[in-house]
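Here's the structure we're looking at; comments come further down.
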Amino acid sequence: MAATLFGKAAMTTAQQRAISPKASDLPERAWISSRAVFLLLAAAFAGLATRMFFLLSQYAVNIFYSDQWEFNDATLFQKHSLWQMFTWQHGPHRQGLGALFEKLVDPLSGWNSRVESFVVGGVVVVAALCALLLLGLVIFLSVESAARPFAKMDLGAVSGGTLSAVAVADRSEVFLYTLGKQQWKECYLRTEDFAGCNDTVGFTIFSHAPERTRLREKLEFLKKARLNLYLDAH
Numbered sequence: 279m280a281a282t283l284f285g286k287a288a289m290t291t292a293q294q295r296a297i298s299p300k301a302s303d304l305p306e307r308a309w310i311s312s313r314a315v316f317l318l319l320a321a322a323f324a325g326l327a328t329r330m331f332f333l334l335s336q337y338a339v340n341i342f343y344s345d346q347w348e349f350n351d352a353t354l355f356q357k358h359s360l361w362q363m364f365t366w367q368h369g370p371h372r373q374g375l376g377a378l379f380e381k382l383v384d385p386l387s388g389w390n391s392r393v394e395s396f397v398v399g400g401v402v403v404v405a406a407l408c409a410l411l412l413l414g415l416v417i418f419l420s421v422e423s424a425a426r427p428f429a430k431m432d433l434g435a436v437s438g439g440t441l442s443a444v445a446v447a448d449r450s451e452v453f454l455y456t457l458g459k460q461q462w463k464e465c466y467l468r469t470e471d472f473a474g475c476n477d478t479v480g481f482t483i484f485s486h487a488p489e490r491t492r493l494r495e496k497l498e499f500l501k502k503a504r505l506n507l508y509l510d511a512h
């Protein structure tokens, strides 16, 4: 009878393993492969984060651009309560927490668009880091069978794609936008003629008619408060 009970217990344990295999049950080589994938992703994360901040340092320009001249009505160009900022609608979406975060952070730099680019980059890096740590938790802490898909990943394919993403960079279009914004900014600080700067530089910081967004009024506001592009005025 004891043998029968022992046999049933062994069978029950085997059935449980079959139903819910753990990472420790995976073949050793597959588990090592999972760790290698995670370490590769961590290295790629570090490389891409460094690359992103390098590109920001090269191409970010301190001037509002495009629809920033419109959705900043909620936080800068007009006075609104925090709830109004949160519910402010620009196009199909509400500003939400983005408006509150902008109102909290941007005044510290004088609404410097270049600084804002680095802040947004930092938010992206923190979010990506949280995802990477979650992946590491799944792999290294062996959350039941959740690690199995990672053990089956093709390490060669992942490494090839990652290295390609880090190494390849087409910066021509970004450079044109950076050059246009920088030249337009220098022209306007010198002449304060946005129509003339549009023609001279062949670039505009807002694609719609200036009257739509009250562009002249907002530029005057920035000048009086010495914010954004006027932080660099001499």
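Numbering follows the numbering used here, with no gaps: position 15 of the sequence shown is 293.
Think of the CB as a built atom: it goes at the ideal place given N, C-alpha and C, for glycine as much as any other residue.
What is the DSSP secondary structure of residue i, counted as helix, strand or coil?
i: A288; result: For A288, the predicted model reports a pLDDT of 49, less than 50, meaning its position is unreliable and no value from the coordinates is stated.
i: Q336; result: helix
i: Q373; result: coil
i: P299; result: Unreliable positioning characterises P299 in this predicted model, as indicated by a pLDDT of 48, which lies under 50. A coordinate reading is not provided.
i: D345; result: coil
i: L378; result: helix
i: W462; result: helix
i: G480; result: coil
i: A406; result: helix
i: K501; result: helix
i: S437; result: Its pLDDT being 43, under 50, S437 is placed unreliably in this model, and the value from its coordinates should be taken loosely. Three-state DSSP puts S437 in a helix.
i: G399; result: helix
i: N506; result: helix
i: S485; result: coil
i: S387; result: helix
i: A314; result: helix
i: R494; result: helix
i: S359; result: coil
i: A511; result: coil
i: R449; result: coil
i: E394; result: helix
i: D351; result: helix
Could you check which residue in the options has the C-alpha nearest to that of residue i?
i: V403; options: L326, D384 and E470; result: L326
i: T365; options: K357, R313, A377 and K502; result: A377
i: L354; options: L509, L505, D510 and A511; result: L505
i: C475; options: H368, S450 and W462; result: W462
i: A338; options: F499, L412, T482 and G399; result: G399
i: T328; options: S485, P488 and F396; result: F396
i: A503; options: W361, G388, F316 and R468; result: G388
i: Q346; options: H358, E495 and H368; result: H368
i: L493; options: D351, F332, Q336 and R313; result: D351
i: R372; options: E380, V479 and M363; result: M363
i: A320; options: H486, A406 and R449; result: A406
i: F316; options: L411, E470 and S344; result: L411
i: R313; options: D477, L415 and T482; result: L415
i: S335; options: P385, V452 and K357; result: V452
i: N340; options: F323, E470 and I483; result: I483
i: V401; options: P385, L386, L413 and E380; result: E380
i: F481; options: L454, F499 and L386; result: L454
i: F499; options: E470, L413, W361 and F323; result: E470
i: C408; options: L497, F323, L318 and A473; result: F323
According to DSSP, residue i sits in a beta bridge with which residue or residues?
i: Q367; result: R372
Checking 8 Å against the spacing of the C-beta atoms, do residue i and residue j come in under that value?
i: T491; j: E394; result: no
i: F332; j: S391; result: no
i: L507; j: L457; result: no
i: S450; j: S344; result: no
Less than 7 Å separating the Cβ of residue i from some heavy atom of the ligand SAM?
i: V479; result: The ligand SAM is not part of the structure shown, which contains no ligands of any sort.
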